[in-house]
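Student: Residue numbers (the UniProt record's numbering): 1 to 397.
From the three backbone atoms N, C-alpha and C, an ideal C-beta is built for every residue, glycine too.
The model shown is predicted, which means the values in this text are computed figures rather than measured ones.
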Amino acid sequence: MIKPFLPKTRIIVLQGNMAENGITGAILTYSRDIYYYTGTARPSILAVTPSSLALFVKDGFDLVLDETWIDKDFVRNGAELDRISSFFHSNIPAAQIGPKLGLELDVIPAVLYQKLLSAIDGVQPVNVSPLILEQRLVKDEKEVQLTRQACRILEAGHERLLMVLREGIREIDLAAEIEAEHRRHLHEGVYFMRLTDFTMSRGPIASGENLARNSGIVRTISGVGLSSAIPAGPSERVIRKGDHVMIDIPSNFRGYHADQSRTYVLGKALPEARELYASLREVCVSLLPLCRDGVNCRNIYDEAIKKALSLGIGRFFLSYGPRKADFIGHGIGLELNEPPFLSPSDSTTLKEGFLITVELPLVHPGIGGLKIEETVLVKKDSGEVLTHAPNTLTEVE
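1) Give me whichever residues DSSP pairs with A308 in a beta bridge.
2) Which first and last residues belong to the alpha helix (DSSP H) in which Y36 is found?
3) Enumerate in chain order the residues of its own chain whose CB-to-CB distance from A241 is below 6 Å, with the five nearest sequence positions on each side excluded.
4) G28 to V126, Cα distance in whole Å?
5) Name the residue from E397, D71, Y113 and N337 whose alpha carbon lies nearest to the alpha carbon of I239.
6) To the nearest angstrom, how far is it from the Cα of T387 to the Cα of Q149?
7) What residues are listed by DSSP as bridge partners for A206?
8) Please go through the stretch 273-304 and give each complete alpha helix (DSSP H) segment of 4 or more residues, from N-terminal end onward.
9) Return the Cβ separation of R202 and L334 in integer angstroms, given the expectation that the two are a contact with Cβ distance under 8 Å.
10) For I217, which residues from the same chain have a beta carbon less than 6 Å from its beta carbon, with the 5 sequence-adjacent residues on both sides left out?
11) Taking the DSSP output, what are the residues bridged to H158?
12) Considering only residues of the same chain and omitting the five flanking positions on each side of K380, which have a CB-CB separation below 6 Å?
13) Give me the Cβ distance between residue 411 and I11, rounded to the nearest whole Å; I'm assuming they're in contact under 8 Å.
14) Tell me, please, which residues DSSP counts as bridged to E338.
15) In this structure, how does DSSP classify I169 when only helix, strand and coil are distinguished?
16) Is the stretch 103-110 touching the stretch 71-89 in the sense that three or more CB pairs, one from each, lie closer than 8 Å?
17) Please state whether the Cβ-Cβ distance between I356 and I332 is less than 8 Å.
18) Nearest-angstrom Cα distance between T375 and F316?
19) Can you have a look at L290 and say buried or exposed, based on whether 16 or more other CB atoms are within 10 angstroms of its CB?
20) Please state the DSSP three-state secondary structure of D62.
21) Tell me, please, which residues DSSP counts as bridged to R323.
22) Does the beta-carbon of V111 have 16 or more other beta-carbons within 10 angstroms, so that it is buried, or is it exposed?
23) Work out the CA separation of D173 and F341 for me, nearest whole Å.
24) At the level of alpha carbons, what is the spacing between E80 and F61?
25) For L101 and L276, what's the separation of their Cα atoms in angstroms?
26) Round the Cβ separation of E179 and F253 to the nearest angstrom and send it over; I've been treating them as touching at under 8 Å.
27) Does the stretch 62-69 come close enough to the stretch 32-48 to have 3 or more Cβ pairs within less than 8 Å?
28) Does the stretch 359-378 come within contact of the stretch 257-266, defined as at least 3 CB pairs closer than 8 Å?
29) Where do the N-terminal and C-terminal ends of the alpha helix (DSSP H) with Y264 fall, by residue?
30) For Y256, which of helix, strand or coil comes out of DSSP?
31) Tell me which same chain residues have a C-beta within less than 7 Å of the C-beta of K115, skipping the five on either side of it?
32) Between which residues of its own chain and T24 is the CB-CB distance below 6 Å, once the five residues before and five after are set aside?
33) Can you check whether the CB of I328 is closer than 8 Å to the CB of E282?
34) Just list the residues that DSSP pairs S44 with in beta bridges.
35) Can you list, in chain order, the residues of its chain whose CB lies under 8 Å from that of R183, leaving out five sequence neighbours each side?
36) Rounded to whole angstroms, what is the Cα-Cα separation between L53 and M18?
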């Protein structure tokens, strides 16, 4: 059973987790985490102790009061560091020596980190991000609902592609058509990755020989981009008859992402391509019963490799040009890629309410590139696929 939407309990859970881990206070500066706990992503800093909290708003105070679900008494106009320091020191036990201050050490800018430690004397910085990400693993009813809507946006993009994919169109023009359709269906227009300096246009598109040319930005089929300034995504390449075209443009609805990859052929697909795609799809379908409560991420990866080998596609499975991916999926939510990862190095056990993807690229040097990706809700007995564009090697005449 998916847990109910009880947003005010999110900070209470965080406070309990902090207390269990000996963290006296936390200061959150990353917009996705602040949005998760408060319902607003306006410029602000969230300070939390095991018994209190305060949202220090840099700009847009009146709007925050309308948006947030936390008690308005906890919302402060202004985010000066001396005020944050005063809050922190007034809400920790007076006798505690060397209190641990939780910071999002994976994403906080170094300059802000230094300023906070200068303003708040005598604290020991620790990384609070693992606690936050672990709490965010299990989604509630509202989060699942928003993800379903994000998936419907991707369906609209698929329908638009069927209307505009023709010989002579450039990858960049095709991307623009799909992205515009996503926006018309209320895509936020951006996506988030918990990485510093990560930029990849609005998502990968690749066709023809570009399917085998990886940009190095992501460990999957990426497209080559318009230039070396942002070397991933659609290029100016003109799509021709017989080309495979891979679309992996995600969506974001009210903060929650959906991820879907589909492969198309302009014209008729080669029989060998149809056979290869059928095997790739069989791997995907075989994994869905494993996307259930109680199954280990590592085991799902292992089963995917075994299935690909049994179908005779192991040599090309998970390839993206000269390299191979070391995962077959990832968590998804407020960030496009978040824990857990379906990989040999992740021993996370799935729980009902996780949202994950099953992501399967394949590049055959003689046939071309193919990719399938689905957004999946982990349930008690099996995974529910939320992305509903046809999972076929779609021929577009």
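Tutor: A quick look at the data gives this:
1) Within the sequence shown, the letter at position 308 stands for residue 308. BP columns for A308 are empty, so no partner.
2) For the purposes of this step, residue 36 is taken as the residue at position 36 of the sequence shown. From DSSP, the alpha helix (DSSP H) with Y36 extends over S31 to T38.
3) Taking the sequence shown and counting its residues from 1, the one referred to as residue 241 is at position 241. Note on identity: in this sequence residue 241 is Lys, with Ala being the wrong assignment. Closer than 6 Å at Cβ, skipping near neighbours: E167, L266 and G267.
4) As a first step, residue 28 is located in the sequence shown; it is residue number 28 there, counting from the start. As a first step, residue 126 is located in the sequence shown; it is residue number 126 there, counting from the start. Here residue 28 turns out to be Leu, not Gly, going by the sequence shown. Approximately 12 Å, taken between the alpha carbons.
5) Translated into positions along the sequence shown, residue 239 becomes position 239. The alpha carbon of I239 has as its nearest neighbour, out of E397, D71, Y113 and N337, the alpha carbon of E397.
6) As a first step, residue 387 must be located in the sequence shown, where it is residue number 387. As a first step, residue 149 must be located in the sequence shown, where it is residue number 149. Whole-angstrom Cα-Cα distance: 10 Å.
7) As a first step, residue 206 is located in the sequence shown; it is residue number 206 there, counting from the start. Answer is M246, bridged to A206.
8) none
9) Counting from one through the sequence shown, the residue named residue 202 turns up at place 202. Counting from one through the sequence shown, the residue named residue 334 turns up at place 334. Not quite, the Cβ-Cβ distance comes to about 18 Å (not below 8 Å), so this is no contact.
10) Position 217 of the sequence shown holds residue 217. Closer than 6 Å at Cβ, skipping near neighbours: M200 and A232.
11) As a first step, residue 158 must be located in the sequence shown, where it is residue number 158. Partner(s): none; H158 has no beta bridge.
12) Along the sequence shown, read from residue 1 onward, the residue named residue 380 stands at position 380. D293 and E352.
13) The question about residue 411 has no answer here: the residues shown for the chain are numbered 1 through 397.
14) Residue mapping note: residue 338 aligns to position 338 of the sequence shown, counting from 1. Note: E338 sits in a beta bridge opposite G331.
15) Position 169 of the sequence shown, counting from 1, holds the residue named residue 169. Note: I169 maps to coil in three-state DSSP.
16) No, the stretch 71-89 does not touch the stretch 103-110.
17) Reading the sequence shown from its first residue, position 356 is the one you call residue 356. Reading the sequence shown from its first residue, position 332 is the one you call residue 332. For I356 and I332, yes; Cβs fall inside 8 Å.
18) Residue 375 sits at position 375 when you count from the first residue of the sequence shown. Residue 316 sits at position 316 when you count from the first residue of the sequence shown. Distance between the alpha carbons of T375 and F316: 23 Å.
19) One-based indexing of the sequence shown puts residue 290 at position 290. Per the 10 Å Cβ criterion, buried.
20) To locate residue 62, count along the sequence shown from 1; it is residue 62. Three-state DSSP puts D62 in a helix.
21) Along the sequence shown, one-based indexing puts residue 323 at 323. Note: R323 sits in a beta bridge opposite Y320.
22) Here residue 111 refers to the residue found at position 111 of the sequence shown. That one is exposed.
23) Here residue 341 corresponds to residue number 341 of the sequence shown, with the count starting at 1. Here residue 173 corresponds to residue number 173 of the sequence shown, with the count starting at 1. It is roughly 33 Å from the alpha-carbon of F341 to the alpha-carbon of D173.
24) Within the sequence shown, residue 80 is the residue found at index 80, counting from 1. Within the sequence shown, residue 61 is the residue found at index 61, counting from 1. Approximately 14 Å between the Cα atoms of the pair.
25) The residue given as residue 101 occupies position 101 in the sequence shown. The residue given as residue 276 occupies position 276 in the sequence shown. For L101 and L276, the distance between alpha carbons rounds to 52 Å.
26) To locate residue 179, count along the sequence shown from 1; it is residue 179. To locate residue 253, count along the sequence shown from 1; it is residue 253. At roughly 14 Å, the Cβ-Cβ gap does not stay under 8 Å, so E179 and F253 are not in contact.
27) Yes: at least three Cβ pairs fall under 8 Å.
28) yes
29) Residue mapping note: residue 264 aligns to position 264 of the sequence shown, counting from 1. Residue range R262 to L266 is occupied by the beta strand (DSSP E) that includes Y264, with no alpha helix (DSSP H) assigned at that position.
30) Walking along the sequence shown from the start, residue 256 turns up at place 256. Looking at Y256 - three-state DSSP - the assignment turns out to be strand.
31) Reading the sequence shown from its first residue, position 115 is the one you call residue 115. So the qualifying residues of the chain are L81.
32) Along the sequence shown, one-based indexing puts residue 24 at 24. Same-chain partners within the cutoff: I92, P99 and K100.
33) Locating residue 282 in the sequence shown gives position 282, where the first residue counts as 1. Locating residue 328 in the sequence shown gives position 328, where the first residue counts as 1. Contact: no.
34) Reading the sequence shown from its first residue, position 44 is the one you call residue 44. Partner(s): V57.
35) Position 183 of the sequence shown, counted from the first residue, corresponds to residue 183. For R183, where only same-chain residues beyond five positions count, the Cβ hits under 8 Å are G189.
36) Taking the sequence shown and counting its residues from 1, the one referred to as residue 53 is at position 53. Taking the sequence shown and counting its residues from 1, the one referred to as residue 18 is at position 18. Straight-line Cα distance between these residues: approximately 13 Å.
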